[in-house]
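K.L.:
Residue numbers (the working numbering): 0 to 311.
1) Are the segment 227-238 and the segment 180-198 touching, with three or more C-beta to C-beta distances below 8 Å?
2) How close, in whole Å, do the beta carbons of residue 51 and residue 256 come, if the pair is a contact with beta carbons under 8 Å?
3) Grouping DSSP H, G and I as helix and E and B as strand, with all else coil, what is residue 225?
4) Would the beta-carbon of residue 210 fall within 8 Å of that of residue 200?
5) Specify whether the segment 241-256 and the segment 141-155 touch according to this definition: at least 3 beta carbon pairs, one from each stretch, less than 8 Å apart.
6) When you compare the CB positions of residue 185 and residue 226, do they come within less than 8 Å of one another, or not?
7) With a cut-off of 8 Å on the beta carbons, I'd call residue 139 and residue 237 a contact; round off their distance for me.
8) Would DSSP call residue 260 helix, strand or coil?
9) Rounded C-beta distance between residue 88 and residue 251? I'm assuming under 8 Å.
10) Pick out whichever of 191, 215 and 188 has its Cα sitting closest to the Cα of residue 197.
11) Using the Cα positions of residue 141 and residue 240, report the straight-line distance between them to the nearest angstrom.
12) Would DSSP call residue 300 helix, strand or coil?
13) Whose CA, out of 108, 221, 274 and 205, lies closest to the CA of residue 301?
14) Could you give the DSSP three-state label for residue 273: helix, strand or coil?
15) Sort 131, 282, 85 and 263 by Cα distance to residue 107 and report the nearest one.
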């Protein structure tokens, strides 16, 4: 009994070689583009640091005094009698706003991450993740408008204070801004915990909350710490929202209802009004160098912690 086996005609040899050559060229082109993209990021970062350092070097080599710069609360760069370049009040304002923002963001972010990673599933999880990521897409100036037009009168009405542009206002706004990135990193850290940990806890009779509190959170603590540090870096470098919500007043804060001024907001508010090359101009770039160094250290520590979690 004969069976006719239909065989599809194979393409000509030249056509196959042409296809292989085109695929090889596309692969090489993609490699080159990816390499250029990766290198360009490094080049841009180095270029920004070099530019800021060059502009601020004149101040660091001239009128910079370590004790005054870091320990004086007086920032009077335009004084007619004696120019003073003290960052203590500005650093205190930045630290107080960022610290209060973390008090708002950490519980919210960890709670959202725990719910997404351990309780939600399917379409609900995807919807929550997309919604949280959309919060990160809101421009900072919009958050600033919210603090200026909504939070300001609300704080005045509730707490009976004369001004609602203060640490409380900026901390809430900044906490909501930092929450999305913290939630995403924390959720990744919780999902990275092996399932055998959950199965072992359930086999020993632990409830869902006991499993999360005694097993999942301790196992993911380094990743959660990395998420918090990334949130700190996000809050430390924020400008527009802080400028609009803090009141922009130079003070050493004693309560959450005090108006303060942040380092980033000082640069944004004063750089456009200074003469290029003046001491004031160079001092603002010196602040930029300080901010660059602090945020670099914070993000480097967070990245090392997160990398350690992934390798573990």
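Note that CB positions come from ideal geometry on N, CA and C, so glycine has one too.
P.N.:
This is what the structure gives:
1) yes
2) Counting from 1 along the chain shown, the entry for residue 51 is found at position 52. Counting from 1 along the chain shown, the entry for residue 256 is found at position 257. 34 Å between Cβ atoms; not a contact.
3) Counting from one through the chain shown, the residue named residue 225 turns up at place 226. Of the three classes helix, strand and coil, the one that applies to residue 225 here is helix, per DSSP.
4) What you label residue 210 is simply residue 211 of the chain shown in a count that begins at 1. What you label residue 200 is simply residue 201 of the chain shown in a count that begins at 1. In contact: residue 210 and residue 200 (Cβ atoms closer than 8 Å).
5) yes
6) The residue you call residue 185 lines up with position 186 of the chain shown. The residue you call residue 226 lines up with position 227 of the chain shown. Cβ distance < 8 Å, so residue 185 and residue 226 count as in contact.
7) Locating residue 139 in the chain shown gives position 140, counting from the first residue. Locating residue 237 in the chain shown gives position 238, counting from the first residue. 6 Å between Cβ atoms; contact.
8) Position 261 of the chain shown, counted from the first residue, corresponds to residue 260. Reduced to three states, the DSSP call for residue 260 is coil.
9) The residue labelled residue 88 in the question sits at position 89 within the chain shown. The residue labelled residue 251 in the question sits at position 252 within the chain shown. Sure, about 5 Å apart at Cβ, within 8 Å.
10) Numbered from its first residue, the chain shown carries residue 197 at position 198. Checked all of 191, 215 and 188; the closest Cα to residue 197 is 215.
11) For the purposes of this step, residue 141 is identified with residue 142 of the chain shown, where counting begins at 1. For the purposes of this step, residue 240 is identified with residue 241 of the chain shown, where counting begins at 1. So the two alpha carbons sit approximately 8 Å from each other.
12) Residue mapping note: residue 300 aligns to position 301 of the chain shown, counting from 1. Three-state result, residue 300: helix.
13) Taking the chain shown and counting its residues from 1, the one referred to as residue 301 is at position 302. Cα-wise, what sits closest to residue 301 is 221.
14) Counting from one through the chain shown, the residue named residue 273 turns up at place 274. Residue state, collapsed to three classes: coil.
15) The residue you call residue 107 lines up with position 108 of the chain shown. Looking at the Cα atoms, 131 is the closest of the given residues.
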